[in-house]
Every structure is written in structure tokens, then in C-alpha cells.
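Novice:
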Amino acid sequence: MSSFSFTTPYYSSLQILLSDRSFNQATTSVLLNRNLFPISSNFLRISSRRHRFHANSVRSGAETEEPRAQHSPESNAVSSNGSKLSTSFLSYLCPLLKIFAGGDPSRERNFTLEVATSSLSTLARLPWGSRTLSDSSQSNRNINLEPLLPLQLYEFEACPFCRRVREALTELDLLVEVYPCPKGSIRHRDIVKKCGGKEQFPFLIDPNTSTSMYESGDIVKYLFHQYGNGRNPSTGLLESTLFTGWMPTILRAGRGMTLWGKASTDPPPKKLELFSYENNPYARIVREALCELELPYILHNVGEGSLRTKLLLDVSGSKEVPYFIDPNTGIETGNYKQILSHIFQTYSAATL
């Protein structure tokens, strides 16, 4: 893998990271195990379509009380050799990114570069996480016919295995409560350890079936079995994580991995809301910031073909994401720059 560099200090560390000999050896050991899955030419373009959506909060409280759920048998499944190899690679990658990542996420950014690297991340994961798998037989389905209680996902944005689960949630057109668990977490990692016995991510809790589980592959299979109406994950979704799932983590220099030092120690009184789909480059930048601030939020997935699109059009007259709602301040905006400015100004320790 050849090295490359950017013109700003924030991304110049990538040159060091990608030229490191040990890192190259670790990467090569992963890539040479299997062939990459081909990507359909129909998806070889970056969708700049940014759905816009406005709706009332599904759950007003931002409480992070201990969830009551039983462990699913899936969480005890033995990982495959490929999964073990990729996990080992990730354990090597994350400390490096933590060292070379760009520091204070609240400072002024080069947004041209931000969008460029996020768009490259989108290309690396196409076609996954961009559209739903709904078909004509479900076209009349009421979007309210979802789990009675929202699913709860404990994860962090930079994790490739968490990304796999978020992509599945987009395909299934599901709403989920996200509890970010960045490194240095002061709230949510303790909850996961208390409920599941260890700090491992992603961790899913389904209060509708009293199920909780680790292991991204098991979570995806569970979601499709429980809420997929007989559908299967799109081709390559599970397998591709071993090869390209870590690319957004590298291209984004570990954004969405570590708690910001000035993040507030208390969650907002009411949960924030974000309307997006997983592979949207603008929504990714917002989710990274929410993770670095450890802000819990309600995630409304509105991928291409989403059954929420009609409601989205009726309410806002547009299809743009991200769309952000802060019920604590009354702020609603679809501008990702304004979202970043708002959450860093509002939810830093210095302003609360």
C-alpha cells in the first residue's frame, strides 16, 4: 500500500500511518485471505442525495438506565477464522489511529477535505448501507409496524463491525436508539460491561424479545430473522467487512473513535434525533461528532427506497439527510456544518 498525504496537519498523520511497514504487513495479511467482493457498476457513484426529515421524537427522555435483557445464545457463538483475523487487525489499527488522529474535533475544519475523505469512505462501502431492501410486496406496509420498543445499539462510529450492523439497519429500514461508546467513555461502556459482562462492540439489546447479544454477524442475522420479513442480507454485506469495512476508519483518521476531552459528563435531558442512512458522507461526519461527545440519539434510517420517503416529502418537501432535531433547544437543521457547530457549542463541559 503506497503512502499518501494531505495538505493539512489533521490528515498528514495518514502518511505516517499508511507507510508504516508493520501496518502494511497487517493489512496485507487480511487482504490476501480472500478476493474482494465485486461492486455493481450501478452503485459506483457517490449519492449526494441528502434526505431531509422532520418528525416528533419517538422517546423524549435521554435516560441511560440499565437495560434489562437476557443474553441470546447467538452472543456465545464462536467467531470464524476470518473474524478473528479481522479483530486482531482492528486491535492493531485502533491504537495507531488514536495516536495519529487529528486532535480537537471542535476546531475549525477544512470541510472540502472532510467531505472528500467521507465520500471516499462511501465509495469503499458501496453498495451497502445506502438503500433499503423493501420490495413491492411491502410497499403498503405501515412504517409504524416496527418493534414496539426501539432497539438499542451500543457502538462507536469508527468500528468496522459496528458499521456492519448500522448498514443492516439501513437495509431493514429500522429505527434504533444509538448509545455511542467511544474510547474513554464515561457512561455507556459501563452499561455494556454491566449488562453483558465485557466491553465488546457492537452490543444490541432488543427489549421486545428480551434479547441481548454481541458479535456483529450474529446481530445482523438476528435482525433479518426477526424483522426482515423473510429477506436475507444483501450479497456481501457480512463478508465484505473483513476487506473494506475498515477503509472508512482509515480514511477518516479515526474520527468517531475517542471521547472528546471537553465533552459534557451529563447526557442531554431529551434524546437528540438524526435522520440519515449509514453510507451518506454528510451524515457520517455528524455521527462521528455525536460519538466523540458520547451523545445518545434516536437514529431514523431513511435510505434509498425507504418507506419513510413519502412521509418525509409530506412533512418537509425534501429528501435530504442529515436532518437533525434537538428537542432540548428547539434547533432543527439539515446543514451538517450547523449541526457540528451546535452540538460542540451546546454539549461541551465549558458551556453546561
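Numbering (this note's numbering), first residue to last: 113 to 464.
A virtual CB, placed ideally from N, CA and C, is assigned to each residue, including glycine.
Given the structure is predicted, the values throughout are model-derived calculations rather than measurements.
For a quick check, are the C-beta atoms of Leu384 and Asn440 less than 9 Å apart?
Specialist: Contact flag set, yes.
Novice: State the start and end residues of the unbroken beta strand (DSSP E) segment that holds Tyr266.
Specialist: Run containing Tyr266: 263–267, per the beta strand (DSSP E) assignment.
Novice: Going by other Cβ atoms of all chains shown within 10 Å of its Cβ, with 16 needed for buried, is Arg219 buried or exposed?
Specialist: Exposed: under 16 other Cβ atoms inside 10 Å.
Novice: I need the straight-line Cα distance from Ser460 to Val304, nearest angstrom please.
Specialist: When rounded, the distance between both Cα atoms is 24 Å.
Novice: How far does the alpha helix (DSSP H) with Val332 in it extend, from its first residue to its last?
Specialist: From DSSP, the alpha helix (DSSP H) with Val332 extends over 328–339.
Novice: Just confirm the distance between the C-beta atoms of Glu226 and Gln264, as a whole number of angstroms; I'd bet it's less than 8 Å.
Specialist: Contact doesn't hold; Cβ gap of about 29 Å is too wide.
Novice: Just verifying my parser: in three-state terms, what is the DSSP assignment at Tyr409?
Specialist: It is a strand residue.
Novice: Grab the span of the beta strand (DSSP E) containing Ile443 for me, first residue to last.
Specialist: It spans 443–445 - the beta strand (DSSP E) in which Ile443 sits, taken as one unbroken run.
Novice: Assign Ser322 to buried or exposed, taking buried as 16 or more other Cβ atoms, counted over all protein chains shown, within 10 Å of its Cβ.
Specialist: Exposed: under 16 other Cβ atoms inside 10 Å.
Novice: Thinking C-alpha only, which one of Ser376, Asp318, Glu351, Pro294 is nearest Gln312?
Specialist: Comparing Cα-Cα distances from Gln312 to each of Ser376, Asp318, Glu351, Pro294, the minimum goes to Pro294.
Novice: What residues are listed by DSSP as bridge partners for Ile397?
Specialist: Answer is none; Ile397 lacks a bridge partner.
Novice: Looking at C-alpha atoms only, which residue of Leu281, Thr229, Lys310, Ser352 is the closest neighbour of Leu245?
Specialist: It is Leu281.
Novice: How many angstroms separate the CA atom of Gly357 from the CA atom of Ser231?
Specialist: Going by the C-alpha atoms only, they are around 14 Å apart.
Novice: Go ahead and pull the three-state DSSP assignment for Pro381.
Specialist: Three-state DSSP puts Pro381 in coil, outside helix and strand.
Novice: Once the 5 residues before and after Leu452 are set aside, which same chain residues still bring their CB inside 6 Å of it?
Specialist: Ala401.
Novice: Just the C-alpha distance for Pro320 and Leu260, rounded to the nearest angstrom, thanks.
Specialist: For clarity, residue 320 is Asn in the given sequence; the question names Pro instead. Cα to Cα, the separation comes out at about 7 Å.
Novice: Could you tell me whether the stretch 396–414 touches the stretch 356–374, where touching means 3 or more Cβ pairs closer than 8 Å?
Specialist: Contact holds: three or more Cβ-Cβ distances are below 8 Å.
Novice: Do Tyr389 and Ser242 come within 9 Å of each other at the CB atom, strictly closer than that value?
Specialist: Closer than 9 Å, so yes.
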